[in-house]
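**Q** FYI, the numbering for the sequence shown is 2 to 130, going by the numbering used here.
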Amino acid sequence: MDDGILLFKYWLTVDQEKQEERFAERQADPLKRWKLSPIDLQAREKYAQYGLARDAMLRATHKPKAPWVLVDFNDQRRGRLTLIRHLLDHIPERKVPEVVFEFPPLGHAPLREQFGTSLKPIKPMAGDA
């Protein structure tokens, strides 16, 4: 950070009640079930202990040049927007010189991509388009 690197540390806070709702939703939805792991099962039993360990970690690593920012993630959409807003508000603005490129005409008809191997792109999904 003494060399100008910006370090942002975010902790996403979630109450156990909301965490339980998310676990139940993942358990019920086959498309979200992959998000569950055996660690989640153990974490449910150690919510309070994880909180104590988190607090110790925050106390030990919260520094003026690299502070932790706690973001309420009980409402995921609002939490994401809050985090993004905080990040954007803390990135210094810099004037970037505009580079103008000129693209002369290609000089021939555009080429189709071809492969000199047996590998081929998979067929596109049929769609409503």
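Glycine included, every Cβ here is placed at the ideal spot set by N, Cα and C.
1) As a quick exercise: from Arg60, Lys64, Val72 and Lys19, pick the residue whose alpha carbon is nearest that of Arg87.
2) Tell whether a beta-carbon distance below 8 Å holds between Leu8 and Ala67.
3) Counting beta carbon pairs with one atom in the region 69-83 and one in the region 11-18, are three or more of them shorter than 8 Å?
4) Does DSSP classify Lys10 as helix, strand or coil?
5) Note down the Cα distance separating Leu120 from Leu112, rounded to an integer number of angstroms.
6) Could you spell out the range, first to last residue, of the beta strand (DSSP E) harbouring Leu82?
7) Please classify Asp56: does DSSP put it in a helix, a strand, or coil?
8) Return the CA-CA distance between Arg27 and Pro39, expressed in angstroms with no decimal places.
9) Can you tell me the Cβ-Cβ gap for Ala57 and Tyr51, rounded? I've got them flagged as a contact below 8 Å.
10) Enumerate in chain order the residues of its own chain whose CB-to-CB distance from Leu59 is below 6 Å, with the five nearest sequence positions on each side excluded.
11) Check Asp16 in the structure and name its three-state DSSP category.
**A** According to the structure shown:
1) What you label residue 87 is simply residue 86 of the sequence shown in a count that begins at 1. The question names Arg, yet the displayed sequence has His at residue 87. Out of Arg60, Lys64, Val72 and Lys19, Val72 has the C-alpha closest to the C-alpha of His87.
2) For the purposes of this step, residue 8 is taken as residue 7 along the sequence shown, with counting starting at 1. For the purposes of this step, residue 67 is taken as residue 66 along the sequence shown, with counting starting at 1. The beta carbons of Leu8 and Ala67 sit closer together than 8 Å.
3) Contact between the region 11-18 and the region 69-83 is established, with three or more Cβ pairs separated by less than 8 Å.
4) As a position in the sequence shown, residue 10 is number 9, starting the count at 1. Three-state result, Lys10: strand.
5) To locate residue 120, count along the sequence shown from 1; it is residue 119. To locate residue 112, count along the sequence shown from 1; it is residue 111. For Leu120 and Leu112, the distance between alpha carbons rounds to 19 Å.
6) For the purposes of this step, residue 82 is identified with residue 81 of the sequence shown, where counting begins at 1. Counting along the chain, no beta strand (DSSP E) covers Leu82; the unbroken alpha helix (DSSP H) around it starts and ends at Gln77 to His91.
7) Taking the first residue of the sequence shown as 1, we reach residue 56 at position 55. Under the three-state reduction of DSSP output, Asp56 falls in the helix class.
8) Position 26 of the sequence shown, counted from the first residue, corresponds to residue 27. Position 38 of the sequence shown, counted from the first residue, corresponds to residue 39. When rounded, the distance between both Cα atoms is 13 Å.
9) As a working mapping, residue 57 is identified with position 56 in the sequence shown. As a working mapping, residue 51 is identified with position 50 in the sequence shown. No, Ala57 and Tyr51 are not in contact; Cβ-Cβ is about 11 Å, not under 8 Å.
10) Taking the first residue of the sequence shown as position 1, residue 59 is located at position 58. So the qualifying residues of the chain are Trp69.
11) The count along the sequence shown starts at 1 and reaches residue 16 at position 15. In the structure shown, Asp16 sits in coil (DSSP, three-state: anything other than H, G, I, E or B).
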